[in-house]
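Worksheet: one structure, shown below.
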Amino acid sequence: MKRKNRSNDYPIFKAHYDRSLQIRGIFQAAYNNLPAAAQKGTADALQIAQRSGDASTDRFLRIFKQAILDAYKARNDDSSRLIDVTKSGARLR
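Structural data, given as structure tokens:
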């Protein structure tokens, strides 16, 4: 199945990304670890958020976390630590 051209997705994601340190952290960590899952999770989160009609960044963050987890699971990888670390930031020893 071919994905539709969703050229309006970038500004929507960028707005949430700019408003939320946690979204930035999750996306960057996910992309550094498994770029394909980060891209898939982001695209899926945008589609779900647009269908729900709730454009708040708080709502998008909840959707985004789950979409990243699902995208990682689809690739037999566990991203739960990635989500947990970005809740409060990484702790340096």
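Sequence positions in the sequence shown follow the numbering used here and run 99 to 191. Yeah, the Cβ is synthetic: ideal placement off N, Cα and C, and Gly gets one too. As the structure is a computational prediction, the values presented were derived from the model and not from experiment.
Restricting to Cα atoms, I'd like to know which of Thr155, Ala153, Ala135 and Leu144 is closest to Leu180.
Ala135
Taking C-alpha atoms, which residue in Ala153, Asp107, Ile166 and Thr184 lies nearest to Leu132?
Ile166
Would you tell me roughly how many angstroms separate the C-alpha atoms of Ala147 and Phe158, rounded to the nearest one?
6 Å
If we count the other Cβ atoms within 10 Å of its Cβ and call it buried at 16 or more, is Ser178 buried or exposed?
exposed
Per-residue DSSP class, three states only, for Gly151:
coil
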